[in-house]
Structures are given as C-alpha cells and as structure tokens.
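Colleague: All you need for our numbering is the position in the sequence shown, starting with 1, plus 839.
Glycine included, C-beta positions come from ideal geometry on N, C-alpha and C.
Got a structure for you, written out below as structure tokens; questions coming shortly.
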Amino acid sequence: MDIKALKALLAERGEPAYRLAQAKRAFFVELGADWDSVTTYGKPLREACREAIPWNTLKEVKTIVSPQGDTVKTLFECADGQKIEAVLMRHDDGRNTVCASSQVGCAMACAFCATGTMGLKRNLSIPEIVEQVIHFSRFLKPTKEYVTNLVMMGMGEPFHNYDNVIAALKQLNDKDGLNLGARHMSISTCGIVPGILKLADEPLQVNLAISIHAGTDEVRDKFMPVNKAYPLAKLMDAVHVYMKKTNRKVMFEYLLLKGINDHKSDANALARLLAHDHRLSHVNVIKYHPTEAFDPTAREERIAFVEWLEERGISATHRVTFGEDIDAACGQLAVQEENGLVKQGLDAVRAKRVRSNV
Ligand code: SAH
840 MDIKALKALL
850 AERGEPAYRL
860 AQAKRAFFVE
870 LGADWDSVTT
880 YGKPLREACR
890 EAIPWNTLKE
900 VKTIVSPQGD
910 TVKTLFECAD
920 GQKIEAVLMR
930 HDDGRNTVCA
940 SSQVGCAMAC
950 AFCATGTMGL
960 KRNLSIPEIV
970 EQVIHFSRFL
980 KPTKEYVTNL
990 VMMGMGEPFH
1000 NYDNVIAALK
1010 QLNDKDGLNL
1020 GARHMSISTC
1030 GIVPGILKLA
1040 DEPLQVNLAI
1050 SIHAGTDEVR
1060 DKFMPVNKAY
1070 PLAKLMDAVH
1080 VYMKKTNRKV
1090 MFEYLLLKGI
1100 NDHKSDANAL
1110 ARLLAHDHRL
1120 SHVNVIKYHP
1130 TEAFDPTARE
1140 ERIAFVEWLE
1150 ERGISATHRV
1160 TFGEDIDAAC
1170 GQLAVQEENG
1180 LVKQGLDAVR
1190 AKRVRSNV
C-alpha cells in the first residue's frame, strides 16, 4: 500500500489524522487482505480508498516451499509487469528472515551473481519493497509467527535506490506498524561509497553488510566492476568513517570462488585489510552457489579459510545457506525478462523437487 498516497487522499478529503493510523493498523498489524479489513472506516471512505489506492501493489505469482520446508520463495509481479523475487528463511532458532529485493535487476554486473546478468530494469518503489515483507508476515500469520529479521540481499544494489530503501525500512520499523527492530534489519552493498557515508548519518540504526569478496584490488577487479569506481582503499575509508560515527559492527561477506580468492594468501590479504578495524568487523564466509561463471570452493577449504582468518584475529563464521534446492540462494534470484523464461525457470525448480522426492 502506498502510504504517502493514502496520506494525501485523507488530507484532501479533510479526514482526521487518526484515519491514517487506522489503515496502517489494518495493513501492518492485522495483516488484512484488502480494504474491507479497515473496518474502522465508513463505507464511503473505504470505497474511495479502494478506488484510488491498491491495497497490494505486488501480485503474488507463485510461492515455492523447499522440500525441507525451511525456505520459501515468492515470485511477484509488479503493476508494470516486472517480476521480482523475495525469500523467507526459517532458522532453527526461531528467527524468520526475509531476504528482499531493492531493484528489478541490477547494474553492478558482479561476475558471480545471477542477477548481475540481467542488467538494471528499474528501482523498486517504497510499497514494492515493504510488501515483500508484508507478504511473508501474512504467510506466517496462521501459525502465529512473525518476520523477525530483514536483509536487503535480494536482487539489486540497495544503495542505488537509497531513498526508497530507507523509507521502506522506516515504514517497517514504525512502532504503530510492523515494529521490526532496526537492529534486525541489514542493508548489503557491493561497496557504493556515497551510500555507506549516507547511512553513517542515518537516524535509523540498521546494520551494514559489505560484499567484499577480496582483500586486494587485483583480485576484486577480476569479478566486481564496482571496484574500479570504489577501490578497496576508498571503500575502507568510508567504512572507517561509518564505524567511527556509529560504533556499529560491519559484516563483510566473502564468497569463496575456487582458485580465484580462496588461497591462504587471500585470507592474509583480507586479514590485513580488516586488521585496523578488527574490533568492529565480522567476516561471513559464503559458499558459492554456482551460476556457471566459477567453481565453488570445497568444504574443507572453506573451513580452512575461516580458520586462517580467526588465527589472524579476524572474527569469521560460515553463512548458513538456505534454498539452494529452489534456486533461492544468494545471487540466484535471476528473474528472466520474458514470462516464458520465468515459467521455464520455475519448471526446472519443480522438476528438481520431483526428483528430490523420488
Ligand atoms: N547488491 C548487494 C546485495 C545483493 S547480493 C550486494 O552486493 O551486497 C547479496 C549477497 O549475495 C552478496 O554478498 C553477494 O555478493 C552474494 N552473492 C551473489 N551471487 C552469489 C552466488 N552465486 N553465490 C553466493 N552468494 C552470492
């Protein structure tokens, strides 16, 4: 729901201020299905709203649950026909994390990322970002569960859509709405320096994650074109500023690509890069979900990589991976341009599920 448009409509009609809170309550707290759920509105107001403001801007096209039931992926259609995806990850410890998209496609063209192959179509609007989370809140409602965490790690580069991403997170954080804690929300960037500096001054205290993936420019240049504009020295300067201003921990994501960035010397380079800020740094080592571009690093070497970092005083963990079996893992949210291709992708997923059930 477009809250800004609703606010304008209510003002235009001379409605009292509490009318906005009533609709927000029906949408974010009661998780109603349509305008009929705003029972506090009289019929004429409800009809006027229904006429002017869609309750949902996103249409659910398809939802797939992984065979283990811990990952749920939804494909949505936007009003202009563009397709986006979001994922719900259900952790053992009770956390329900939504991985949401910020753009249709992405301009960054990281060589290992499936979304990168699509190019950028457009930014998502505030309601389009918010509704990915609301969709999963509704999904969990029958079992009285909640979305507890949000990571902006789906399709797109969040800092290329900074204003809408922050506005969406603020709506989700609103005490009278979903009331999702800022500390339970993370924005992941490939290293857009102006975005990092802006976030450092943001009143909303969300977490920052940086897709670092290399400890030297020589290695990073091989697969992240963004490193030309913002090489590691510039990136780390921005990170220092962010840490100094916020005193908050930064998560560094490190995707292991066989023979490219997984050698002991790569761990050393990363440890050197982070040594100065080790107190506020944490490395999350990620298993590469193959997209044809590279080969994944084997399990033993992934374990060794984390140990090498720890030996050098850098706190590091392995990321728990979800949804590989339904193509919902990081970097695999490639929505194809044509409907046909989207269907084909989903058929492949279905075929996989059938196989895994045999
Ligand atoms: N553009 C943002 C957010 C989207 S990507 C960013 O770059 O951080 C979210 C995470 O998934 C990033 O750390 C990204 O590097 C990682 N990722 C991309 N492709 C992947 C793949 N094939 N396997 C595993 N992780 C991948």
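1. With DSSP as the reference, identify every bridge partner of A1080, one or two as the case may be.
2. Give me the Cα-Cα distance between L1112 and L859, rounded to the nearest whole angstrom.
3. Once you ignore the five residues that flank A1039 on each side, which residues in its own chain have a CB closer than 7 Å to its CB?
4. So the alpha helix (DSSP H) R1059 belongs to, where does it begin and stop?
5. Hey, how far is the Cα of V1181 from the Cα of T913?
6. Rounded to the nearest angstrom, what separates S1050 and L959 at their Cα positions?
7. Anyone know if the C-beta pair for I903 and F915 falls short of 8 Å?
8. Using a threshold of 8 Å, state whether the C-beta atoms of N1003 and I968 are closer than that.
9. Measure from the alpha carbon of L1094 to the alpha carbon of each residue in R1087, D1105 and K1088, then state which is nearest.
10. If you reduce the DSSP assignment to three classes, tell me which class K1097 lands in.
11. Using only the alpha-carbon positions, how far apart do L1087 and K846 sit?
12. For S1200, which beta-bridge partners are listed by DSSP?
13. Since I believe F975 is in contact with V803 (beta carbons under 8 Å), could you give me their beta-carbon distance rounded to a whole number of angstroms?
14. Which residue wins for smallest C-alpha separation from E996, given the options E984, I973, V1032 and Q1010?
15. With H, G and I counted as helix, E and B as strand and the rest as coil, what does DSSP make of N935?
16. What first and last residue would you give for the alpha helix (DSSP H) that runs through Q942?
Modeller: According to the structure shown:
1. The question names Ala, yet the displayed sequence has Val at residue 1080. Looking at the DSSP assignment, V1080 forms no beta bridge with any residue, so it has no partner.
2. 48 Å
3. V1080, Y1081, K1084 and T1085
4. D1056 to F1062
5. The predicted position of V1181 is uncertain, since its pLDDT is 42 and thus under 50; a value taken from the coordinates is nonetheless stated next. Rounded to the nearest angstrom, the two C-alpha atoms are 12 Å apart.
6. 19 Å
7. no
8. yes
9. D1105
10. coil
11. Position check: residue 1087 holds Arg in this sequence, whereas Leu was assumed. Using only the alpha carbons, I get a separation of about 34 Å.
12. Lying before the first or after the last residue shown, residue 1200 is absent from the chain, which here runs from 840 to 1197.
13. With the chain represented from 840 up to 1197, any question about residue 803 goes unanswered, as that position is not in the structure.
14. V1032
15. strand
16. Unbroken run through Q942 is the beta strand (DSSP E), Q942 to G944; no alpha helix (DSSP H).
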